[in-house]
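Trainee: I'd like to ask you about the structure that follows.
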Amino acid sequence: MDLSYSEDHTLLSESIARFIQNDYDFETRSRIAGSDLGFDPAVWQQFADLGWLAIPFSEDEGGLGADPVSVMILMEQFGRGLVLEPYVPSILLGGRLIAATGGAEQRSRYLGDLISGKIQLAFGHGEPGGRYALAHVATRAEGGAGGFTLSGQKAVVHNAEAADFIIVSARSSGEVRAQDGISLFVVSRETPGLTVRPYRTVDGLRAAELVLEGVQVGEDALLGEEGGAYPAIEAVTDRAVAAVCSEAVGAMDLLRETTLEYLKTRQQFGRTLGAFQVLQHRAVDMLIACEEARSLALMATLSLDRTAPERRRAVSAAKAHVGNAGRKVGQEAVQLHGGMGVTDELKVGHYFKRLTMIDTFFGDAAHHLDRFAGNA
Amino acid sequence: MTASGRGAATLLVRPDCIYISGAVRPDSGTACEGRVAMNIELTSADQAFRDEVRTFLATSLPPDIKRRVENGLELGREDYASWHRILHEKGWVAPGWPVDHGGTGWTHMQRYLYDEETAAASAPRIMPFGVNMVGPVIFTFGNRAQKARYLPRILSGEDWWCQGYSEPGAGSDLANLRTRAVRDGDVYVVNGQKTWTTSAHWADHIFCLVRTDPEAAKPQQGISFLLIDMRSPGIEVKPIITIDGGHEVNDVFFEDVRVPVENLVGEENHGWTYAKFLLSFERAGIADVGRSKKQLAGLKRIAAAELSNGRPLSEDDRFREKIASLEIDLLALEYTELRALSRQTSGEEPGTEANILKIRGTEIQQRITELALEAVGTYANPYVPEALKDGWNEEPIGPEYAAGVAPRYFNWRKASIYGGSNEIQKGIVAKLVLEL
Chain A
0 MDLSYSEDHT LLSESIARFI QNDYDFETRS RIAGSDLGFD PAVWQQFADL GWLAIPFSED
60 EGGLGADPVS VMILMEQFGR GLVLEPYVPS ILLGGRLIAA TGGAEQRSRY LGDLISGKIQ
120 LAFGHGEPGG RYALAHVATR AEGGAGGFTL SGQKAVVHNA EAADFIIVSA RSSGEVRAQD
180 GISLFVVSRE TPGLTVRPYR TVDGLRAAEL VLEGVQVGED ALLGEEGGAY PAIEAVTDRA
240 VAAVCSEAVG AMDLLRETTL EYLKTRQQFG RTLGAFQVLQ HRAVDMLIAC EEARSLALMA
300 TLSLDRTAPE RRRAVSAAKA HVGNAGRKVG QEAVQLHGGM GVTDELKVGH YFKRLTMIDT
360 FFGDAAHHLD RFAGNA
Chain B
0 MTASGRGAAT LLVRPDCIYI SGAVRPDSGT ACEGRVAMNI ELTSADQAFR DEVRTFLATS
60 LPPDIKRRVE NGLELGREDY ASWHRILHEK GWVAPGWPVD HGGTGWTHMQ RYLYDEETAA
120 ASAPRIMPFG VNMVGPVIFT FGNRAQKARY LPRILSGEDW WCQGYSEPGA GSDLANLRTR
180 AVRDGDVYVV NGQKTWTTSA HWADHIFCLV RTDPEAAKPQ QGISFLLIDM RSPGIEVKPI
240 ITIDGGHEVN DVFFEDVRVP VENLVGEENH GWTYAKFLLS FERAGIADVG RSKKQLAGLK
300 RIAAAELSNG RPLSEDDRFR EKIASLEIDL LALEYTELRA LSRQTSGEEP GTEANILKIR
360 GTEIQQRITE LALEAVGTYA NPYVPEALKD GWNEEPIGPE YAAGVAPRYF NWRKASIYGG
420 SNEIQKGIVA KLVLEL
């Protein structure tokens, strides 16, 4: 057992931290958030050029064959910088789903362009009324001559408008919540019958509601075996959830540091806020929440290549804990900043909002507590 | 060390953003020879060590002691003493000591595994006052005669120690202690009172913080560290009965107790330094993850045996979630400790993570006792102290596991108070880590 970074890990972490510091300060981030697209294509291309888009892919897939810890490190720094670029929907969901389920031809058709920054992906999976049940897929896939017809709705699909292709889950057999019978299809955003209704999210990202009405796709759109996609969906989303836990760790740390700085400078009653014991103890509670979240995000990351039950248990433990810790740290950061904490001007509120939305990413704290208990 | 040339994507490297792959490359190894960075697997050497500990525990832990620990029954002095002697014979009684004083020379990981295995096997704790507290003070600050006289008897278990720190007016504010030691020729004459003294009624010696210079500028100055024979005339031990009905702690009164000056450790009026050293020495295992895992397993057995609406309590959604939430917090504690362990292994000085581990470790211990109390329901009520003593042969009242649950819950409230209350711990973290 060894839980310390290798030299490579440290260098990766430092290089991403330098990028955030030099090229992605809060002002830049705010400007990008206000743009039409919601992220900066030039920044995305920079990620591609630096190899960051290749990190989660094996060498066979055209990637770098890096370990899950490298993704963890990248996402933690993205969390600190509150990075808007769609790494999670495009790379960790869309890209990993194609890598995990696609045939050689499909992988070579999409992954090269994805890793070089030419195309964007999204994953249309959750549905209205499905809440966090991962197998809840009511969208239908009817097989016909030469392909499939897809019909249904998808809810809160991140990066859908910018995506060139959306990976859509649809059911060709079974009940709405059955694990068997779910398939994945690569659907071009321009396909007739696909309506994308885009919007901003409260944390500054972009998402959309999808309606699929008789969307026709060819046989080559099917990823993997028809009806057999669930295990891959679960494995890929578990990896993405572990990564987002690390994003939350970075965001929480930044919030905690910012709050601590404020406690040391803000004066009331003739002394700094940090001189008040009641606030000192709350600052310590924030530190403990951050440290424990970091411990569990690491545990989850290191469990990703173990057996499925071990992976589920570790990822859900981390996500449940991070959901609660993120809420606590976010709320405390706002509270300890006083009135300033509720202004749009300060970064505090923006981190708080991101942490709050992270809790809804593929299952909130209550959902993952239940999943953990079921895998005890 | 870039990824180029391995069939990977071509990288354009910007000078201020040099990208390194971060991959674990089995072909070339990683930065350190033979080391696979970031993994949670035990090395084969650590596995072999763990197996050795398991085998030893399976063959050497006396079954009657194991049974008493497992069933939450009271342990007597002789239970602790005989286990201490067995460990001493094996050479494992003081893993934290330097090898030339009788330590084991284990790595941090080996010590962690040892603690985990002994907890899992239901071995009793080693009483900390000799091995983990006064022993390190003596081998660090004591003179040659003190080392020769005391250390072998601590290791062998011949001498039992207790700790004379707290006083009625000096709890969290320890430096406010008033027990006086006045030099009179070759002796110090000690007058005063110590309190919360665990196992003073079993101890042969007490190590005491005493005030030798009441005129010192600061309360922390003017304190000395004295070793006192509990058989000295003028010492009186009075039991303090705690809310669980048990007798662990005592008041210790000193009236004109004459202590030879050779029992002073280090220099007169420098005792506070040694006291702080002692508090910082025993960091390993402070979270007590192994014992909490064992207790959690016990709680799950109770929840599986108890019925709620005709079904096992363990299947009740609300109770199941409470246990799950506790278990996740315990995992967080475990990995926080393992991270600290990795930092120590790579040569970093231990920081103040011990304070955080103490806070969270004790909170979790208390929550386990609280959920066990909830689980046994009305059978928390019967108070039959004899049922917790070995050799009680009557029919149990209610389920057998219920007898110790309420006493344990009440007894364990001590955990967030002793060793520096959790509020004091937070104060230390605020000051030393957060610099508030």
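Just so you know, the protein sequences line up as chains A and B, in that order.
Residue 0 is where the first sequence starts when you use numbering that gives the first Met the number 0, and the numbers rise one by one after that.
Residue 0 is where the second sequence starts when you use numbering that gives the first Met the number 0, and the numbers rise one by one after that.
We treat Cβ as the ideally placed atom computed from N, Cα and C, and that holds for glycine.
1. Under the three-state reduction of DSSP, which class applies to Lys388 of chain B: helix, strand or coil?
2. Let me know the secondary structure DSSP gives Gly50 of chain A once reduced to three states.
3. Measuring alpha carbon to alpha carbon, tell me which of A:Ile31, A:Ser245, A:Ser182 ends up nearest Phe360 of chain A.
4. Rounding to the nearest angstrom, what Cα-Cα distance links Arg130 of chain A and Arg79 of chain A in this structure?
5. What does DSSP give as the partner residue(s) for Pro311 of chain B in the beta ladder?
6. Going along the chain, which residues of its own chain have a beta-carbon closer than 8 Å to the beta-carbon of Gln219 of chain B, five neighbours each way excluded?
7. Where are the beta strand (DSSP E) runs, 3 residues long or more, that stay fully inside the segment 158-232 of chain A, in chain order?
8. Kindly indicate if chain B contains any beta-carbon less than 8 Å away from that of Glu174 of chain A.
9. Which residues, in order along the segment 279-313 of chain B, keep a beta-carbon less than 7 Å from a beta-carbon of chain A?
10. Answer yes if the segment 214-228 of chain A comes into contact with the segment 142-151 of chain A, meaning at least three C-beta pairs across the two stretches below 8 Å, and no otherwise.
11. So for Lys117 of chain A, helix, strand or coil by DSSP?
12. Determine the DSSP secondary structure at Arg106 of chain A, reduced to helix, strand or coil.
13. In the structure shown, what three-state DSSP assignment does Trp444 of chain B receive?
14. Could you name the residues of chain A that Arg359 of chain B contacts, counting a contact when the two beta carbons are closer than 7 Å?
15. Taking three-plus beta-carbon pairs below 8 Å as touching, is the segment 364-381 of chain B in contact with the segment 338-348 of chain B?
16. Can at least three beta-carbon pairs, one atom from the segment 341-353 of chain A and one from the segment 201-208 of chain A, be found at a separation below 8 Å?
17. Give me the Cβ distance between Asp284 of chain A and Arg326 of chain A, rounded to the nearest whole Å; I'm assuming they're in contact under 8 Å.
18. Within 8 Å of any Cβ in chain A, is that where the Cβ of Val432 of chain B sits?
19. Less than 8 Å between CB atoms is the rule here; does Ser121 of chain B satisfy it with respect to chain A?
20. Between Phe372 of chain A and chain B, is the shortest Cβ-Cβ distance under 8 Å, so that the two count as touching?
21. What are the boundary residues of the alpha helix (DSSP H) that Gln219 of chain B is part of?
22. Whole-angstrom Cβ separation of Glu261 of chain B and Ala180 of chain B, contact assumed at under 8 Å?
23. For a test of your reading of the model: does the CB of Asn131 of chain B fall under 7 Å from any non-hydrogen atom of the ligand GDP? Yes or no.
24. On a Cα-Cα basis, can you pick out the residue from B:Thr211, B:Glu422, B:Ala402 that is closest to Glu267 of chain B?
25. Give me the chain B residues within the contact set of Val347 of chain A, using Cβ-Cβ distance strictly less than 9 Å, ordered along the chain.
26. Taking Cβ positions only, does Val52 of chain B come closer than 8 Å to chain A?
27. Run down chain B in chain order and give the residues with a C-beta less than 8 Å from the C-beta of Lys263 of chain A.
28. Just the C-alpha distance for Val314 of chain A and Leu335 of chain A, rounded to the nearest angstrom, thanks.
29. Going by Cα to Cα distance, which pick from A:Ile90, A:Val341, A:Met339, A:Ala372 is closest to Asp112 of chain A?
30. In the DSSP output, which residue or residues are listed as bridge partners for Lys237 of chain B?
31. From the DSSP output, in three-state form, read off Thr351 of chain B for me.
32. For the pair the segment 233-243 of chain A and the segment 68-75 of chain A, tell me if three or more CB-CB distances fall below 8 Å.
33. Quick one, which of A:Arg176, A:Asp59, A:Arg188 has its alpha-carbon nearest Leu211 of chain A's?
34. From Asn436 of chain B to Asn190 of chain B, what distance separates their C-alpha atoms?
35. Quick one: using the 10 Å Cβ neighbour count with 16 as the cut-off for buried, is Trp391 of chain B buried or exposed?
36. Distance cutoff 8 Å, beta carbons only. Does Asp363 of chain A sit that close to anything in chain B?
Mentor: On the basis of the coordinates in this document:
1. coil
2. Three-state result, Gly50 of chain A: coil.
3. A:Ser245
4. 28 Å
5. B:Leu306
6. Ala174, Trp271
7. 164-170, 181-187, 193-199, 205-217
8. no
9. Hits within the stretch: zero.
10. yes
11. In the structure shown, Lys117 of chain A adopts coil according to DSSP, grouped into three states.
12. helix
13. The question about residue 444 of chain B has no answer, for chain B in this structure spans 0 to 435.
14. Under a criterion of Cβ atoms nearer than 7 Å, the residues of chain A adjacent to Arg359 of chain B are, in order, Ile287.
15. no
16. yes
17. The C-beta distance from Asp284 of chain A to Arg326 of chain A rounds to 13 Å, too long to fall under 8 Å, and the pair is not in contact.
18. yes
19. no
20. For the record, residue 372 of chain A in the displayed sequence is Ala; it is not Phe. Interface residue, yes.
21. No alpha helix (DSSP H) holds Gln219 of chain B; DSSP gives it neither H nor E.
22. Glu261 of chain B to Ala180 of chain B, Cβ: 14 Å. No contact.
23. This structure does not include the ligand GDP; it has no bound ligands of any sort.
24. B:Thr211
25. Within 9 Å Cβ-Cβ: nothing; Val347 of chain A doesn't reach chain B, min ~18 Å.
26. no
27. Glu434, Leu435
28. 31 Å
29. It is A:Ile90 whose Cα lies nearest to the Cα of Asp112 of chain A.
30. B:Asp250
31. In the displayed model, Thr351 of chain B falls within coil according to three-state DSSP, outside both helix and strand.
32. yes
33. A:Arg188
34. Beyond the ends of chain B as shown, which are 0 and 435, falls residue 436 of chain B; an answer cannot be given.
35. Trp391 of chain B comes out exposed.
36. no
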